[in-house]
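Q: Sending over a structure as structure tokens; questions will come in a sec.
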Amino acid sequence: MSDQDWQDYSIETQGIRAGQHRTPEGEHSDAIFPTSSYVFDSAEEAAGRFSGKLAGNIYSRFTNPTVNAFERRLAIMEGAERAMATSSGMAAINTVCLGLLSAGDHVVCSRSVFGNTALMFKNIMHKFAIETTFVDLDDITAWQAAVQDNTRFFFLETPSNPMGTLADIKQLADLAHAHNALLIVDNVYCTPALQKPLSLGADLVVHSATKYLDGQGRCVGGAIVGDNALIEEKLYPILRTTGPTMSPFNAWVFQKGLETLSLRMEKHCSNALAIAQWLEEQPSVETVHYTGLQNHPQHALAKEQQSGFGGIVSFTVKGGKKGAWAVIDATQMISITANLGDVKSMITHPSTTTHGRLTEDERVQAGITDSLLRLGVGLENVDDIKADLERGLRGL
Ligand SMILES: *Cc1c(COP(=O)(O)O)cnc(C)c1O
Numbered sequence: 007m008s009d010q011d012w013q014d015y016s017i018e019t020q021g022i023r024a025g026q027h028r029t030p031e032g033e034h035s036d037a038i039f040p041t042s043s044y045v046f047d048s049a050e051e052a053a054g055r056f057s058g059k060l061a062g063n064i065y066s067r068f069t070n071p072t073v074n075a076f077e078r079r080l081a082i083m084e085g086a087e088r089a090m091a092t093s094s095g096m097a098a099i100n101t102v103c104l105g106l107l108s109a110g111d112h113v114v115c116s117r118s119v120f121g122n123t124a125l126m127f128k129n130i131m132h133k134f135a136i137e138t139t140f141v142d143l144d145d146i147t148a149w150q151a152a153v154q155d156n157t158r159f160f161f162l163e164t165p166s167n168p169m170g171t172l173a174d175i176k177q178l179a180d181l182a183h184a185h186n187a188l189l190i191v192d193n194v195y196c197t198p199a200l201q202k203p204l205s206l207g208a209d210l211v212v213h214s215a216t217k218y219l220d221g222q223g224r225c226v227g228g229a230i231v232g233d234n235a236l237i238e239e240k241l242y243p244i245l246r247t248t249g250p251t252m253s254p255f256n257a258w259v260f261q262k263g264l265e266t267l268s269l270r271m272e273k274h275c276s277n278a279l280a281i282a283q284w285l286e287e288q289p290s291v292e293t294v295h296y297t298g299l300q301n302h303p304q305h306a307l308a309k310e311q312q313s314g315f316g317g318i319v320s321f322t323v324k325g326g327k328k329g330a331w332a333v334i335d336a337t338q339m340i341s342i343t344a345n346l347g348d349v350k351s352m353i354t355h356p357s358t359t360t361h362g363r364l365t366e367d368e369r370v371q372a373g374i375t376d377s378l379l380r381l382g383v384g385l386e387n388v389d390d391i392k393a394d395l396e397r398g399l400r401g402l
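Adding 6 to a residue's 1-based position in the sequence shown gives its number in the working numbering.
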């Protein structure tokens, strides 16, 4: 079946069957192609491949059948023409920057993005005379006010991590397009199983495959998803020349991860909602941030643009940093780690880990106080997760 045919299937089926590269051996599961280069039948064929006149593999920095199978499956799941895999989520964002920006250009970026994404714009792109204005994710007038003649794109994550603030993707896509800018959405939190930003007007989606796409905390990888023409002209040449390549082994792991993505996301969502509701009832918990809660200020928007509320719940406890650390240290089962999107539940203290390199001011603006804890709710039995959190809260 062609990739086009798979577009009509539901995402559960696409995740399991689309984009497989089956060899003449007839293997049922996907094959792995751990090869750096490929052989050609003749000098003429080699010349044809290198010049781009003939289709086919050349060198695994930019062509590999396993990587390609993962790319095709992910593209179909996001409802896109093309995906391009990268060595990590940060490599995907860096590739977008190198491909779309030149010295003198400008970016508008949500204040509430992954810590390294903010640093990429603020420190690294800044070295190459690319300036970034950071704005509040949910403040459309701030995005409007930040646009300049040289703005090339808007960049955001929705819902934001760890606070669970939303952007109205349609509204921001319209605003970006009215100013000849692109909208780029980091879809790590929801994955295509819960949200399809391209269908809401975004131009490119970026992923850290490290998180839910793998889903079991094994490999680091990333991807960029969108129009074939945009990727072919602006981004593929960066991959080919600068080499932020995904390994075939990692691509195979991610390909298998996509097979269970929808099922896992459903369970992450139901466990997270149960935990968020339970936390709200605990006297030592001050606030709970989860878009699935009725009292979340953007609950209605979340219902409209997402098909689920995701697996990240954050909450504040009494006692500031000391209290937050005490909760973490009193848990027994939940992993103290920052890698969300795993079957294993995890807990972190954002202000001293994932967001520790931001200035105090930047943290306050992003709502990351010392008493904030972030949970990546996993797939263990929800009563066991609650029991461990209860143990944690008793540590206060
Ligand atoms: C983890 C993460 C990234 C970076 O991805 P890596 O694979 O760790 O390089 C980017 N954006 C978000 C939202 C993330 O959670």
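Here a beta-carbon is modelled for each residue, glycine too, at the ideal position from N, C-alpha and C. Note that the structure is a prediction, hence the values are computed from the model and not measured.
To the nearest angstrom, how far is the alpha carbon of Ala184 from that of Gly62?
A: Distance between the alpha carbons of Ala184 and Gly62 is about 39 Å.
Q: Could you check if Asp220 belongs to the surroundings of ligand 1, using beta carbon to heavy atom distance under 7 Å?
A: no
Q: Could you tell me how far apart the beta carbons of Leu378 and Pro356 are, in whole angstroms, since I believe they sit closer than 8 Å?
A: 6 Å
Q: Excluding sequence positions up to five away, which residues of its chain have a Cβ less than 6 Å from the Cβ of Gly223?
A: Only Asn345, Asp348 meet the Cβ criterion.
Q: Is the beta carbon of His305 less than 8 Å from the beta carbon of Thr293?
A: no
Q: Quick check: does the Cβ of Asp155 come within less than 7 Å of any heavy atom belonging to ligand 1?
A: no
Q: If you follow the alpha helix (DSSP H) that Cys115 is part of, which residue opens it and which one closes it?
A: Unbroken run through Cys115 is the beta strand (DSSP E), 112-116; no alpha helix (DSSP H).
Q: With C-beta atoms as the reference, is Glu286 less than 8 Å away from Gly314?
A: no
Q: Thinking Gly105 and Ile244 are a contact (beta carbons under 8 Å), I'd like their distance in whole angstroms, please.
A: 5 Å
Q: Should Ser214 go down as buried or exposed, given a rule of 16 or more other Cβ atoms within 10 Å for buried?
A: buried
Q: Taking the runs of the beta strand (DSSP E) that are 3 residues or longer, which of them lie wholly in the stretch 85-115?
A: 88-92
Q: Name the one or two DSSP bridge partners that Glu137 has.
A: His112
Q: In the DSSP assignment, find the beta strand (DSSP E) that holds Phe159 and state where it starts and stops.
A: 157-163
Q: Measure the beta-carbon distance from Trp149 to Phe140 and round it to whole angstroms, keeping in mind my assumption that it falls under 8 Å.
A: Actually they are not in contact, since the Cβ atoms of Trp149 and Phe140 sit about 11 Å apart, beyond 8 Å.
Q: With DSSP run on the structure shown, which of helix, strand or coil describes Arg363?
A: Correct three-state label for Arg363: coil.
Q: Let me know the secondary structure DSSP gives Ala336 once reduced to three states.
A: helix
Q: In chain order, which continuous runs of the beta strand (DSSP E) of length 3 or greater are located wholly inside the stretch 281-320?
A: 291-295
Q: Whole beta strand (DSSP E) runs in the stretch 200-224 with 3 or more residues, listed along the chain?
A: 210-214
Q: Which two residues bound the contiguous beta strand (DSSP E) that contains Val191?
A: 188-192
Q: Does the beta carbon of Phe120 fall short of 7 Å from some heavy atom of ligand 1?
A: yes
Q: Thinking Ile82 and Gln26 are a contact (beta carbons under 8 Å), I'd like their distance in whole angstroms, please.
A: No, Ile82 and Gln26 are not in contact; Cβ-Cβ is about 11 Å, not under 8 Å.
Q: Going by the beta-carbon positions, is the gap between Asn234 and Arg78 smaller than 8 Å?
A: no
Q: Would you say Thr297 touches ligand 1, meaning its beta carbon is less than 7 Å from a heavy atom?
A: Relative to ligand 1, the beta carbon of Thr297 is positioned no closer than 7 Å to any heavy atom.
Q: Anyone know if the C-beta pair for Gln261 and Asp36 falls short of 8 Å?
A: A distance below 8 Å separates the beta carbons of Gln261 and Asp36.
Q: Taking all protein chains shown into account, decide if Gly249 is buried (16 or more other Cβ within 10 angstroms of its Cβ) or exposed.
A: exposed
Q: In this structure, does DSSP put Ala229 in helix, strand or coil?
A: strand
Q: How far does the beta strand (DSSP E) with Arg380 in it reach, from first residue to last?
A: For Arg380, the enclosing beta strand (DSSP E) starts and ends at 378-382.
Q: For the structure I just gave you, are there three or more beta carbon pairs, one from the stretch 329-341 and one from the stretch 200-207, closer than 8 Å?
A: no
Q: Ignore the nearest five residues each way along the sequence and tell me which others in Glu265's own chain have a CB closer than 7 Å to its CB.
A: Gly21, Ile22
Q: Does the beta-carbon distance from Gly95 to Val194 come in below 8 Å?
A: In this structure, Val194 lies closer than 8 Å to Gly95 by Cβ.
Q: Any chance the CB of Asp145 is under 7 Å from a heavy atom of ligand 1?
A: no
Q: Could you pull out every residue in the same chain whose Cβ sits closer than 6 Å to the Cβ of Thr138, ignoring the five residues on either side in sequence?
A: Here the set comprises Val113, Cys115, Phe127.
Q: Rounded to whole angstroms, what's the CA-CA distance from Ala308 to Leu172? Just pull it up for me.
A: Going by C-alpha positions, Ala308 is about 7 Å away from Leu172.
Q: Smallest Cα separation from Ile281: which of Arg28, Ile391, Leu60?
A: Ile391
Q: Restricting to Cα atoms, I'd like to know which of Thr72, Ser290, Thr101, Phe321 is closest to His302.
A: Phe321
Q: Shortest alpha-carbon distance to Thr251 belongs to which of Leu267, Val226, Leu269?
A: Val226
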